[in-house]
Every structure is written in C-alpha cells, then in structure tokens.
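Structure, as structure tokens:
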Amino acid sequence: MIFWIVCAVLTLAVTALMVTPLVRPKEIGDDNPDIAIYRAQLEEIDRDLERQLLEPEEAERARTEVARRLLAASNAAVKPTAASKPNRWLPAAIVVLMLGVGFGTYWMIGAPGYPDMPLQSRLAASEEMRANRPSQAALEAAAPVPPPAPDVPDEYRAAVEQLRVIAPTRPDDLEAWSRLAMAEVELRNYAGAAAAQEQVVAIKGDAAETLDLQRLLDLKVVAAGGFVSPEAEELIGDILDSNPGNIAARYYLGSLYNQTDRPDLALRLWREIIENGDPANFHVASARAQVGDAAFRAGVEYALPEARGPSFEQMDAAQDMSEEDRQAMIGGMVAGLADRLATEGGPAEDWARLIRAYGVLGNLDAARTVWTEAQQVFVSSMRGMEILTNAARDAGVLEE
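According to my numbering, the sequence shown is numbered sequentially starting from 46.
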C-alpha cells in the first residue's frame, strides 16, 4: 500500500509541475506589448510633471489620452480568442495521460501486488527455496511423460523388459546395468535410466569416472523435468570436486541458481561456459538459450557472443584424387574429426558422421566407442539421441 501511495504522490507532483503553467492566470498585458508602452508613457508624464517640463493642465490632458488607450488595450487583452479555448481541456488531458501511461505501463511490465523485497530478504527467500525444493523422487513423479521412442522394434522392447527383470538379480553385474541404462535412454524412460546408471556408479565405486557421474547427473535432471534436485546437487558437488571446470556440472549449478531466484549467480556461471565452451555442446547450447532471461532478471545487459561452427569445405578436394589418396585423406579427416570431438565437442550430427565413418571403414570397435561417448554428451537431448541411434544402426553397432 505504501508503494502505491508513494507512486501516486510522485505522479501527481510531476503532473502538477506540468499543468501549473497552463492554468496559472496571466497578468493583464502579458501578451499585449501596447499595454506596457502605455504604462511607460504614464510614468514618463509623471516624471515630466515633477521636473516641471509640463504644465499641470497639459499633463492631465496627456494622462487622460494615454489612460483611454490603455483601457482599450486592456479590454482587448482579456477577451478570449478561439485559439485559447482548447487550453481549458489541455490540463485535464495531461493529468489523464500521465496517470494512464504511468500506472498502465507498470501494470503491464511491473509486478503489481509483489511485496517489497529488500536484498537480504530476497537472499533469505532464495536459500529457503533451495533448501525446501522437492526431492528427486517427487520431481520424477511430477515430471511430464516424454513422447514414446520412435521406430523401436517390439523384439527390442521385449529384450529390455527381460533385462529389467534380470539386472536386479545381479546387483554387481556392471555390463547388465550399463546395457539397461543405455536401453532405458533409447526408450526414453529417463527415470529408469537414472536408476540403472546410479547402480553403475555404485558398482564402480571409487573407480567411477567423471563421465559416469556426468551421465548420471544428466539423467537425473532430465528425469526430473529439467529441475535440479538435492540429489543432483550432490552429484554436482562430487563432479566439481574432482573437475572444477566441468561444463555439465557448472551448467546445472547455474540452473539450480536460476531455479531458486538467483539469476545473478546463474549468469556468472553460464557466461563462463558460453564464452569458453563449444556452442554445439548440449550444456553450452542450453546455457545460451537461457542466459538472456537470467541476465534480464539480474538487471544486467548481456549480448551473446557469436557462435562459431566447424567448416568442411575441404572435403570437395577429394573428388579429383586417386583412390589411395582419397582413402588416406578420408582417414586423416576422420582422425581430425575424432580429435576435435574429443577435445572440443560438437553437434550430434558430427558425432553421427564419425560413427558412420568408422562403420564404412570397418572399424566397429571405434564406432562403438564413439557411440558410447556420444550418449554421455546427448543423453538429455531427444533429438540428438535419435540422430545418434540412427547412425549407430547404419554403422552396424546396433541391430535393427
């Protein structure tokens, strides 16, 4: 209520400053130069009379004539003209315009009814929101059901159902749980995939690598509908303890801050990975998509750096080569692509191209390795997983 009173008082004060000159009565003669001249003549006559430059009778006649002209000019000045009549409505129009524009604009882009939130109160509310957010299980239960996986044979579904029954009977079977995690992702059962990957991490114990934890983190977040649960936050801490620069962990930590009303901290984390990471990386691309809103809510102007992309024009040069030279060039390009993806990452299309290339070259072990690594990167991207799965089938890594 105090906020609205202050806004109303300030708006009325500004409006009054604008309207007062329009409604203030004018002195007679303000707009007629003749009146000022006649007044000056009367004063001049009085001075001449005091200096005895005029006789009293002559001065009286002159004063009478000037007074007559002054009266006529004054009567003309107080008569309203057609041009001045609209001014009666101008002050009212300004009042209505100021109130309407001011309060209307705030109603559209402001936050009517939002309570006053000093900085310390906002920080405390953010901490409370973070401390009381739902658990992983609650988020998974409330998450929307993902669309069914396309083009999955019934035989494959039946095999996965069998694996779901067999794996729990073998709690230490790393291969069974790893296969189940990948199969659940392909079927878009992300909650089941997260549970299977969690068992993989438990089996590996201290030998679990950062990629294992990152895969579990990806699965937990996507299974929770994009929210970062307390369990996922623990994983973020574990990953950052061993690898402080891990892009995935820093992206999800920024997401956690963004979801708990700390866009300033989210912006700080996301800017770093956006400006130093590969735009084709799933986590970097996700940060790029959300950083604008975070910057706006943090009150910071931020312009996205231009995304860079790989170029493959040099492939055209292979058309005029001999078969041996062409194969050598293709092998070199495949090796270069593999090195770039391993160090910088890239879009799902590039990973799929590498998988198919290894399949064409007959190196199924390399194709299978790339397929496994690519799943770690694009587990949260439905479109990316679809592209990679098709490539794996084309290369012979997956059976039809």
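The beta-carbon is built from N, C-alpha and C at its ideal position, and this holds for glycine as well.
Since the model is a prediction, treat every value here as computed from it, not as a measurement.
- Query: Where does residue 205 land, buried or exposed, given buried means 16+ other C-beta within 10 angstroms?
  - Reply: For the purposes of this step, residue 205 is identified with residue 160 of the sequence shown, where counting begins at 1. Buried is the call here.
- Of all the options 379, 392 and 426, which has the alpha carbon lying nearest to the alpha carbon of residue 408? Taking the sequence shown and counting its residues from 1, one reaches residue 408 at position 363. Nearest of 379, 392 and 426 to residue 408, Cα basis: 379.
- Item | Delimiting residues of the alpha helix (DSSP H) encompassing residue 327 | The residue labelled residue 327 in the question sits at position 282 within the sequence shown. Per DSSP, residue 327 belongs to the alpha helix (DSSP H) from 327–343.
- According to the neighbour-count rule (16 or more other Cβ atoms, all chains shown, within 10 Å of its Cβ), is residue 223 buried or exposed? As a first step, residue 223 must be located in the sequence shown, where it is residue number 178. The residue in question, residue 223, is buried, as its Cβ has 16 or more Cβ neighbours within 10 Å.
- Boundaries (first-last residue) of the alpha helix (DSSP H) holding residue 521: Lying outside 46 to 445, the shown extent of the chain, residue 521 is not represented and no answer is given.
- Message: Contact between the stretch 330–343 and the stretch 304–319 is defined here as three or more beta-carbon pairs at a separation below 8 Å; is this criterion met?
- Response: yes
- Message: Short of 7 Å in beta carbon distance, which residues of its chain neighbour residue 281, apart from the five on each side in sequence? Order them along the chain.
- Response: Residue mapping note: residue 281 aligns to position 236 of the sequence shown, counting from 1. Excluding residues within five positions, the ones whose Cβ falls inside 7 Å are 262, 294, 297 and 298.
- residue 330 vs residue 319 beta-carbon contact at 7 Å: To locate residue 330, count along the sequence shown from 1; it is residue 285. To locate residue 319, count along the sequence shown from 1; it is residue 274. Not in contact: residue 330 and residue 319 (Cβ atoms no closer than 7 Å).
- Task: Could you pull the start and end residues of the alpha helix (DSSP H) that residue 443 belongs to?
- Result: Within the sequence shown, residue 443 is the residue found at index 398, counting from 1. No alpha helix (DSSP H) holds residue 443; DSSP gives it neither H nor E.
- Query: Which residue from 269, 216, 235 and 232 puts its Cα closest to that of residue 246?
  - Reply: Counting from one through the sequence shown, the residue named residue 246 turns up at place 201. When each option's Cα is compared against that of residue 246, the closest is 216.
- Message: So for residue 435, helix, strand or coil by DSSP?
- Response: By 1-based counting over the sequence shown, the position of residue 435 is 390. In this structure, residue 435 counts as helix in the three-state DSSP scheme.
- Item | 7 Å Cβ cutoff, residue 101 in contact with chain C | Of the protein chains in this structure there is only one, and it is not chain C.
- Would residue 336 be called buried (16 or more neighbouring beta carbons within 10 Å of its own) or exposed? The sequence position of residue 336 within the sequence shown is 291, counting from 1. Classification for residue 336: buried.
- Item | residue 302 classed as buried or exposed, judged by whether at least 16 other C-beta atoms fall within 10 angstroms | As a working mapping, residue 302 is identified with position 257 in the sequence shown. When all chains shown are included, residue 302 counts as buried.
- Task: Would you grab the beta carbon distance between residue 232 and residue 197 for me? Rounded to a whole angstrom, and I think it's under 8 Å.
- Result: Counting from 1 along the sequence shown, the entry for residue 232 is found at position 187. Counting from 1 along the sequence shown, the entry for residue 197 is found at position 152. The Cβ separation is near 6 Å, so the contact holds.
- Query: What span of residues does the alpha helix (DSSP H) with residue 310 cover, start to end?
  - Reply: Indexing the sequence shown from 1 puts residue 310 at position 265. It spans 308–321 - the alpha helix (DSSP H) in which residue 310 sits, taken as one unbroken run.
- Along the alpha helix (DSSP H) that carries residue 7, what are the first and last residues, could you check? The question about residue 7 has no answer, for the chain in this structure spans 46 to 445.
- Task: Tell me whether residue 180 sits in a helix, a strand or coil according to DSSP, three-state version.
- Result: For the purposes of this step, residue 180 is taken as residue 135 along the sequence shown, with counting starting at 1. Coil, per DSSP.
- Message: Measuring only the C-alpha atoms, how far is residue 304 from residue 175?
- Response: The count along the sequence shown starts at 1 and reaches residue 304 at position 259. The count along the sequence shown starts at 1 and reaches residue 175 at position 130. C-alpha separation (whole angstroms): 8 Å.
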